[in-house]
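Engineer: So the sequences go chain by chain: B and X. Once you know that position 300 of the first sequence is 300 in our numbering, the rest is easy, because the numbers rise by one and skip nothing. Once you know that position 235 of the second sequence is 553 in our numbering, the rest is easy, because the numbers rise by one and skip nothing.
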Amino acid sequence: MPVFLDFEEPIADLFEQLEKAQQTEAKGKVDVKDTIADLEAKLEKTRKEIYKDLTPWQRVQTSRHPERPYTLAYIESLTDDTFIELHGDRNVKDDKAMVGGFGMFEGQSVMFIGQQKGKNTKMRQYRNFGMPNPEGYRKALRLMKLAEKFNKPIVTLIDTPGAYPGLEAEERGQGEAIARNLIEMAQLTVPVICIIIGEGASGGALGIGVGDKVLMLENAWYSVISPENCSAILWRNWDHKETAADSLKLTAENMLGNGLIDGIIPEPSGGAHSDKEKAFSFVRKAIKKNIAELSKLDADERVSSRIEKFSNMGFVQD
Amino acid sequence: MSSWFKRAKQGVQTPTKEKKETPEGLWYKCRSCKNVMTSEDHSANYWVCDSCSYHERIGSIEYFRILFDENKFTEINRNLSSGDPLTFEDTKKYVDRLKSSKRKTGLVDAVRTAHGKLDGHAVVIGCMDFNFIGGSMGSVVGEKIARGIDEAIKKKVPFIMISKSGGARMMEAAFSLMQMAKTSAKLALLARAKLPFISILTDPTTGGVTASFAMLGDVNIAEPRALIGFAGPRIVKETIGKDLPEGFQTSEFLLEHGFLDYIVDRKELKNNLSSMLTMLEK
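1. Considering only DSSP beta bridges, list what X/Arg349 is partnered with.
2. Cβ-heavy atom distance between X/Gln328 and the ligand ZN below 7 Å?
3. Among the candidates X/Leu404, X/Thr332 and X/Ile539, whose CA atom is the shortest distance from the CA of X/Met594?
4. Which residue wins for smallest C-alpha separation from X/Gly525, given the options X/Glu564, X/Arg430, X/Arg325 and X/Met498?
5. How long is the line joining the alpha carbons of X/Val458 and B/Arg236, rounded to whole angstroms?
6. Kindly say whether B/Asp262, judged by its beta-carbon, lies nearer than 8 Å to any beta-carbon of chain X.
7. Which residues in chain B have a C-beta closer than 8 Å to the C-beta of X/Lys504? List them in chain order.
8. Check each candidate in X/Ser357, X/Thr431 and X/Gly424 and name the one with the smallest Cα separation from X/Ala464.
9. Mind checking which residues open and close the beta strand (DSSP E) that includes B/Glu16?
10. For the candidate residues B/Gln61, B/Ile265 and B/Glu40, whose alpha-carbon lies nearest to that of B/Leu18?
11. With respect to the beta strand (DSSP E) encompassing X/Ser361, which residues constitute its N-terminal and C-terminal limits?
12. Taking the straight line between their C-alpha atoms, what separation do you get for B/Pro66 and X/Glu469?
13. For B/Met185, collect the residues of the same chain with a Cβ closer than 6 Å to its Cβ; drop the 5 residues on either side in sequence, then sort them by chain order.
14. Count the other CB atoms within 10 Å of the CB of B/Glu135; is the residue buried (16 or more) or exposed (fewer)?
15. Would you list the residues sitting across from B/Phe102 in a DSSP beta bridge?
16. Taking only beta-carbon atoms, is B/Val210 less than 8 Å away from chain X?
17. With 8 Å as the C-beta to C-beta threshold (strictly closer), list the residues of the region 472-485 of chain X near chain B in chain order.
18. Kindly indicate the opening and closing residues of the beta strand (DSSP E) around B/Thr156.
19. Could you please tell me which residues of the region 393-414 of chain X, in chain order, have their CB closer than 9 Å to any CB of chain A?
20. Can you list the residues of chain B that X/Ile558 reaches, using a CB-CB cut of under 8 Å?
21. In three-state terms, what does DSSP make of X/Arg552?
22. Look at the Cβ atom of X/Glu490, then the Cβ atom of X/Leu591, and state whether they are nearer than 8 Å.
23. Can you give the Cα-Cα distance for B/Lys241 and B/Thr251, rounded to whole angstroms?
24. What did DSSP end up calling B/Met1 once you bin it into helix, strand or coil?
25. Is X/Ser350 close to chain B? Criterion is C-beta to C-beta, closer than 8 Å.
26. Thinking C-beta only, is X/Lys504 closer than 8 Å to X/Ile467?
27. Assuming B/Leu143 contacts B/Gly207 (C-beta within less than 8 Å), just tell me the rounded distance between them.
28. Going along chain X in order, which residues have a C-beta closer than 7 Å to the C-beta of B/Tyr222?
29. Return the CA-CA distance between X/Asn639 and X/Gly453, expressed in angstroms with no decimal places.
30. Spatial neighbours of X/Cys367 within its chain, please: CB distance less than 6 Å, with the 5 preceding and 5 following residues excluded, ordered by chain position.
31. Shortest alpha-carbon distance to B/Leu260 belongs to which of B/Ser274, B/Tyr222, B/Gly270 and B/Lys276?
32. Apart from the five residues just before and just after B/Pro268, which ones in its own chain have a Cβ nearer than 8 Å to its Cβ?
33. Determine, using beta carbons only, whether X/Ser481 and X/Thr423 come nearer to each other than 8 Å.
34. Taking a cut of 7 Å between CB atoms, which residues from the region 115-138 of chain B lie near chain X?
35. Of the choices X/His575, X/Lys512 and X/Ser494, whose alpha-carbon is the least far from that of X/Lys473?
36. Please identify the residue among X/Ser569, X/Asp536 and X/Ile451 whose C-alpha is closest to the C-alpha of X/Phe548.
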């Protein structure tokens, strides 16, 4: 049985009934074809209804769904298994929370970079829960410079609960590593597309998030802090995480409305985890369209409009 | 052991009416070594303790007085103030928080920018005010720094930034986050114009400020014993589950790990900047 989130309970119930009906059908004694068809239709309808109107907190939950596809799953699908992963920052080590490399996408070579989470306890630890250390950001920058040198577009896939707040991370300059990426990404001469596929937490997300086009999946979130930590700081406990999720205006729709991202990529009804192939195809379509459009501009135009775009972000009263 | 070694009764025993009050404003008691100086001596000593050299936190008014020749400068975008794009409310409404901060500090937001002369060098200086919502960076801070950089480019002069901030301002959420990208992108333009950017990190500089402009100086300078880091010490301690080593995330620690060019005493700051600017001049 798949994992269901708390607000998916009606879907879980129908799923269970459907499974029972299918078992009965398999035994072949009773004809339950109609019941099955009925349940399937109901399931689809319920799923659509629930997902039509998710609260910000429910989207945060969806963005962290354990079966949601992570960065490498997207890359493998988008590059039709041609991906060649490149490792290491050439200084300290290879950060397993950040992956990157070249792959063939729609007939051209593209640099893919992103934070990587793990699927099970062992892999989650191996990937440091998708929280990069400074060498992760430096590896990402090395790969971006490599792509720039050979004039290949860059696609970053963002999915992180934050940059790792550890002792060694501080010793090796977590702040400097992220800052360096911001100033360097602003000046990359090749097209840069950034897609928040799950969690976009703060500087850890932005560290690979300065692009010509910044897109969010429908159920992803992006903000300066996670709702839990926001609640912990402002209310001294985690009980206000739902309120915090509302207040932070962290959904794709809010972010687009505030002019802080450039577009939203739809997810299959039921979230990216409910139909991964469909989610991959939506992302593929968005990347294809944007690379084509950005490739029409020359490098100087791209850089100056990228810098201008970020320069215009904010809300002040003169 | 003799009882006179031990405190017989715990806590302060002096009744309140016998408590000796220090007259407000006349004396300064060092927060680090408890040394007492007259406030006049303290400010004449650049708000540095004459006994232990502790650098008291000061704001833009004081830094401008220290750095600009004869305290003469032209402030830019003085009245730029924060909106409340998200109608944010936690234990207090953001608009009310802004109002009370303005009233309390007499400032408009957490950064001031100005152009003027530093030992004869024309410069643009930005300086953060920690008293204003922890020096946090929201849209106004980002915008003022961005416009300060524009001004430096227009005037073809170096840009100096004095950081003192807890990081991004949560009440403006992603708007705050994007100020990191904005200020860094603007610094790219300054670099392309081949104009110097000198970053001065003071106590404290953490979070989104460290992870953007503060670490991007052509020269990174810090005051002694300042707290500088990305994650705050409490978060790091929680993450690793043990006590932090002595001196962790201080200026001296960052110098040792290669993220600062040098540490300078506040008394030497102006002279030092002047020499550095001379050496960077074309």
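No residue lacks a Cβ here, since even glycine has one placed at the ideal position from N, Cα and C.
Structural biologist: Walking through what the data contain:
1. For X/Arg349, which the question treats as bridged, DSSP gives no partner whatsoever.
2. Looking at this structure, you won't find the ligand ZN or any other ligand, since it has none at all.
3. X/Ile539
4. Among X/Glu564, X/Arg430, X/Arg325 and X/Met498, the Cα nearest to that of X/Gly525 is on X/Met498.
5. 27 Å
6. Not an interface residue.
7. Ile307 and Ser311
8. X/Thr431
9. Careful: B/Glu16 lies outside any beta strand (DSSP E), inside the alpha helix (DSSP H) at Glu9 to Lys27.
10. For the residues B/Gln61, B/Ile265 and B/Glu40, the minimum Cα distance to B/Leu18 belongs to B/Glu40.
11. Note, X/Ser361: premise wrong, no beta strand (DSSP E); alpha helix (DSSP H) at Ser357 to Ala362.
12. Cα atoms of B/Pro66 and X/Glu469: separation of roughly 49 Å, rounded to the nearest angstrom.
13. Val210
14. buried
15. B/Ile84 and B/Met111
16. Flagged as an interface residue toward chain X: B/Val210, by a C-beta distance shorter than 8 Å.
17. none
18. Ile154 to Thr160
19. Absent here is chain A; the protein component of the structure consists of chains B and X.
20. Gly166 and Leu167
21. helix
22. Cβ atoms of X/Glu490 and X/Leu591: not closer than 8 Å.
23. 14 Å
24. coil
25. For X/Ser350, not one C-beta of chain B is nearer than 8 Å to its own C-beta.
26. yes
27. Actually they do not touch by this definition, with Cβ atoms about 13 Å apart.
28. Ala492
29. Because chain X here runs from 319 to 600, residue 639 of chain X falls outside it and cannot be looked at.
30. In its chain, beyond the 5 residues on either side, Cys348 and Asn353 have a beta carbon closer than 6 Å to the beta carbon of X/Cys367.
31. B/Tyr222
32. Correct list, in chain order: Ser274, Asp275, Lys278, Ala279 and Phe282.
33. no
34. none
35. X/Lys512
36. X/Ser569
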